[in-house]
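**Q** My structure is below; once you've seen it, I'll send some questions.
Residue numbers (my numbering): 48 to 442.
Here's what the structure looks like:
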C-alpha cells in the first residue's frame with residue numbers, strides 16, 4: 048500500500064543541511080526555470096517577456112519558502128506555508144486567465160519538482176549528507192510541490208468557473224440588448240466584453256424553452272439564448288443563430304423538426320431584433336403545432352397584408368360593400384367564392400375543387416357576384432383591392 052507523503056510543515060532538516068542548500072538556491076532556481084521553458088512549450092513565450100521575470104521570482108520564492116519551512120525547528124509553519132499556498136492558488140487563477148491549460152500547469156510542476164530535487168540533492172550529496180537525510184529531504188520536496196500543485200489546480204478551476212459564469216452573464220446581456228434593439232456601438236461593446244465573435248448575420252428562432260435546451264447543442268456555439276424574451280408569449284425562448292442563411296437554412300429546418308419552432312429571416316447581426324420581430328408576428332398569425340417548423344419566408348404575404356390590421360379591416364369593409372345586402376351563410380359563401388375566383392383567376396374547375404362544390408354552383412354564385420359588383424370585377428384597381436382584402440381568410 049502506498050504511504051502518504053510526509054507533511055512538510057511537521058519536519059525540520061538539520062541546520063548544517065540548510066546552509067549549502069540556501070547558498071545553491073539561485074542556481075537551482077535558474078535550472079528549474081530553464082527546464083520548464085525547454086520541456087513545457089506553453090511556457091516558452093511567457094518566460095521570455097515581462098511576465099517571465101514575475102514567474103521566475105515566483106519560482107525562487109517558492110523554493111525559498113520551502114527552505115524556510117524546513118530550517119526553523121520549533122517555529123510555527125502555518126504562516127509561510129499559507130503564503131505559499133495562497134501564491135500557488137493565485138498562480139493557478141492567473142494561468143487560467145492567460146488561457147494556459149491545466150495540463151500545461153501540472154506539467155510545469157512535474158518538471159519543476161524533478162529538476163529542483165535533482166539540483167538540491169546534488170548539493171546535499173556534495174555537502175556529505177547521509178543517505179537517510181537525503182531520502183527525508185526528497186520526500187519533503189515532493190510533499191511540498193504536491194501541496195502547491197493542488198492549490199494551483201484549485202485556483203485554475205475556480206477561475207475557469209468564475210470566468211465562465213461572468214461570460215455567460217455577459218452573453219445574456221448581449222442577447223437582451225439585441226432584443227431591445229440597442230444601438231450598434233452598444234452591441235459591439237457588449238460583444239467585445241463577452242469575447243463573442245460577431246457573425247455576419249443572426250437568425251431568430253422562437254421556440255418552447257424545453258425545446259431550446261434540446262436543440263442548442265446542435266447549433267453554432269456562438270448561438271445566443273434568452274428565455275421569456277417576448278412578454279406576451281410566455282414560456283418561449285429566443286435563440287439567435289449565426290449565419291444560417293443560404294444553403295444551410297434547409298439544414299437548420301431539418302434540425303429543428305419536431306420542436307414547434309418559428310424561424311425568422313437572416314439579418315445583419317446588429318439588426319437581429321428585426322428577425323425576432325418577424326418571428327413573433329408569424330407566431331401570432333400561425334402558431335406552430337405538432338412539432339412543426341414554421342419558416343417566416345413562407346408567410347411573407349400574410350405578414351405584409353396584416354401589417355396594419357385596422358387598415359386591412361377598413362379595406363375589407365369597403366371592398367365587400369356590394370355584398371351588404373347578403374345575409375348570414377349566403378354572404379359567407381359569396382365571400383369565399385369571390386376569394387377563390389380571384390386566386391384561381393376564374394378557373395371554375397379549380398374553384399369548385401377548392402370549395403368542394405359542383406362547378407355549376409360556382410357558375411351560379413359568380414353570376415350573382417357579377418350582378419352585385421357589375422363592371423368593378425373588370426376594373427384592375429378593384430381586383431387589386433379585393434385580392435388584398437380577401438388575401439387572409441376571415442376567422
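For glycine and all other residues, C-beta sits at the position ideal for the given N, C-alpha and C.
Note that the structure is predicted; figures quoted are calculated from it, not measured.
Around the Cβ of residue 450, are there at least 16 other Cβ atoms within 10 angstroms (buried) or fewer (exposed)?
**A** Here the chain has residues from 48 to 442 only, and residue 450 is not among them.
**Q** Are residue 265 and residue 284 closer than 8 angstroms when you measure CB to CB?
**A** No.
**Q** So within the segment 229-254, which uninterrupted alpha helix (DSSP H) runs reach at least 4 residues, ignoring any that extend past its ends?
**A** With a minimum length of 4 residues, the continuous alpha helix (DSSP H) runs that stay inside the segment 229-254 are 231-240.
**Q** Evaluate contact between the segment 218-235 and the segment 317-324, counting only Cβ atoms and requiring at least three cross-stretch pairs below 8 angstroms.
**A** With the cut-off at 8 angstroms, the segment 218-235 and the segment 317-324 touch.
**Q** Could you tell me which residues DSSP puts in a beta bridge with residue 27?
**A** Past the boundaries of the shown model lies residue 27; the chain is included only from 48 to 442, so the question cannot be answered.
**Q** Check the C-beta distance from residue 76 over to residue 107 and give it rounded, since I have them as a contact under 8 angstroms.
**A** Between residue 107 and residue 76 the Cβ distance is about 4 angstroms, and since that is below 8 angstroms, they are a contact.
**Q** Determine the closest residue to residue 329 out of 314, 310, 338, with distance taken between C-alpha atoms.
**A** Of 314, 310, 338, the residue nearest in Cα terms is 310.
**Q** Exposed or buried, what is residue 113 when buried is set at 16 or more other beta-carbons lying within 10 Å of its beta-carbon?
**A** Buried, by the Cβ-count rule.
**Q** Quick one: what does DSSP say residue 439 is sitting in, helix, strand or coil?
**A** Of the three classes helix, strand and coil, the one that applies to residue 439 here is coil, per DSSP.
**Q** The beta strand (DSSP E) spanning residue 315 covers which residue range?
**A** That run of the beta strand (DSSP E) goes 308-315.
**Q** Between the segment 140-153 and the segment 197-217, are three or more C-beta pairs nearer than 8 angstroms?
**A** Cβ pair count under 8 angstroms is three or more, so yes.
**Q** CA-CA distance, residue 351 and residue 423?
**A** Cα-Cα distance, rounded: 25 angstroms.
**Q** Hey, residue 277 and residue 327 are a contact pair by Cβ (cut 8 angstroms); roughly how many whole angstroms apart?
**A** Their Cβ separation, rounded to whole angstroms, is 6 angstroms, which keeps residue 277 and residue 327 in contact under 8 angstroms.
**Q** With 16 other CB atoms within 10 Å as the buried threshold, where does residue 159 fall?
**A** With 16 or more other Cβ atoms within 10 Å, it is buried.
**Q** From which residue to which residue does the alpha helix (DSSP H) around residue 336 run?
**A** Note, residue 336: premise wrong, no alpha helix (DSSP H); not H, not E.
**Q** One question on the structure: do residue 74 and residue 162 come within less than 8 angstroms of each other, judged by their Cβ atoms?
**A** No, they are not a contact pair.
**Q** In terms of residue numbering, what span does the alpha helix (DSSP H) encompassing residue 274 cover?
**A** Taken as a continuous stretch (DSSP letters only), residue 274 belongs to no alpha helix (DSSP H), being part of the beta strand (DSSP E) at 271-274.
**Q** Once the 5 residues before and after residue 362 are set aside, which same chain residues still bring their CB inside 8 angstroms of it?
**A** Excluding positions up to five away in sequence, the list reads 432, 435, 436.
**Q** Taking 8 angstroms as the cut-off, decide whether the C-beta atoms of residue 415 and residue 406 are in contact.
**A** No, Cβ-Cβ distance for residue 415 and residue 406 is not below 8 angstroms.
**Q** Starting from residue 283, follow its DSSP beta bridges and name the residues at the other end.
**A** DSSP lists 255 as partners of residue 283.
**Q** Below 8 angstroms CB to CB, which residues in the same chain sit around residue 214 once its five sequence neighbours on both sides are set aside?
**A** Same-chain partners within the cutoff: 241, 242.
**Q** Please report the distance separating the alpha-carbon of residue 122 from that of residue 128.
**A** Because residue 122 carries a pLDDT of 46, less than 50, the predicted location of this residue cannot be relied on, and no value is offered for it.
**Q** Ordered along the chain, which non-local residues of its own chain (more than five positions away) have a Cβ less than 7 angstroms from that of residue 419?
**A** The residues are 369, 370.
**Q** Only counting the same chain, and skipping five residues up and downstream in sequence, which positions put a Cβ closer than 6 angstroms to that of residue 429?
**A** Hits under 6 angstroms: 423.
**Q** Assess, as a yes-or-no matter, whether the segment 296-313 is touched by the segment 332-349 under the definition of 3 or more beta carbon pairs within less than 8 angstroms.
**A** With a cut-off of 8 angstroms, the segment 296-313 and the segment 332-349 count as touching, because enough Cβ pairs lie within range.
**Q** Could you tell me if residue 347 is buried or exposed, where buried requires 16 or more neighbouring beta carbons within 10 angstroms of its beta carbon?
**A** When all chains shown are included, residue 347 counts as exposed.
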